[in-house]
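Mapping to UniProt numbering: the sequence shown position 33 is 33, numbers consecutive.
Even for Gly, the Cβ is constructed at its ideal location relative to N, Cα and C.
The structure under discussion appears below in the form of structure tokens.
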Amino acid sequence: MQSKPCRSHKWIMVYQCHFTKFVIICTVSSKRASDVAFQLLDIFLLFGTPSILQSDKEFTAGVIKNLKLLWPQLTMVHGRPRHPQSQGSIERANGDIKDMLISWMSDNNSQDWTVSIKFVQQMKNASYHTGIKRTPYTAMFGTAPKVGLTSSSIPVEVIERLETEDDLCKALTVPPNSADDMPPPQPDDHLPVSQSDLPPP
Numbered sequence: 001m002q003s004k005p006c007r008s009h010k011w012i013m014v015y016q017c018h019f020t021k022f023v024i025i026c027t028v029s030s031k032r033a034s035d036v037a038f039q040l041l042d043i044f045l046l047f048g049t050p051s052i053l054q055s056d057k058e059f060t061a062g063v064i065k066n067l068k069l070l071w072p073q074l075t076m077v078h079g080r081p082r083h084p085q086s087q088g089s090i091e092r093a094n095g096d097i098k099d100m101l102i103s104w105m106s107d108n109n110s111q112d113w114t115v116s117i118k119f120v121q122q123m124k125n126a127s128y129h130t131g132i133k134r135t136p137y138t139a140m141f142g143t144a145p146k147v148g149l150t151s152s153s154i155p156v157e158v159i160e161r162l163e164t165e166d167d168l169c170k171a172l173t174v175p176p177n178s179a180d181d182m183p184p185p186q187p188d189d190h191l192p193v194s195q196s197d198l199p200p201p
């Protein structure tokens, strides 16, 4: 996005976990190793640090050096040069992100790509990945991605009226005489059992 700088942001950095395919997309003001290292520090402190950092060899060495200055206890190595097949896969993934960004900005009438890439990140991580046979989000967190109450089973017309936690509690409260309307308990429900609930010996 160098041709369309937004405030101080000119570049997009894409970080991907090799195993889960989970991506984190950040904006950076320059391609300096120190700027990239500062962004990676946030990611590593939140999600954990890989043993191997894969990118262009010379560039990665500089990033790791800067990371060590920020975090002296950190030890990691840069990966081997990528073979053409891996390089092609990365270029396709980056092209996919670019296409998704252009499409999202057009659909949402947005001119701010620094905000738009966050939604592209969510879309990318919530999309099924054939290589891991699940979404990257599920692979990373062990659960399906959610969008607040929109992902719940509460009817849309009820959700639209909710504003406070009290409103939500009232919407979820089932009147005592409406037992027939209650959904069946799910396998992970933990219901208290009293002595009177137990069958006679």
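- Ranking Leu40, Lys98, Met100 by CA distance to the CA of Leu74 puts Leu40 first.
- Taking each of Lys10, Leu168, Ser153, Thr143 in turn and checking the Cα distance to Ser29, the smallest one comes out for Lys10.
- Under the three-state reduction of DSSP, Trp71 is assigned to coil, being neither helix nor strand.
- The beta carbon of Ala33 sits closer than 6 Å to those of Gly62, Val63, Asn66, all from its chain and outside the five residues before and after it, given in chain order.
- The C-beta distance from Ala126 to Thr114 rounds to 20 Å, too long to fall under 8 Å, and the pair is not in contact.
- Secondary structure at Tyr137: helix, using DSSP grouped into helix, strand and coil.
- Sixteen is the threshold: since fewer than 16 other Cβ atoms of the shown chains lie within 10 Å of the Cβ of Lys133, the residue is exposed.
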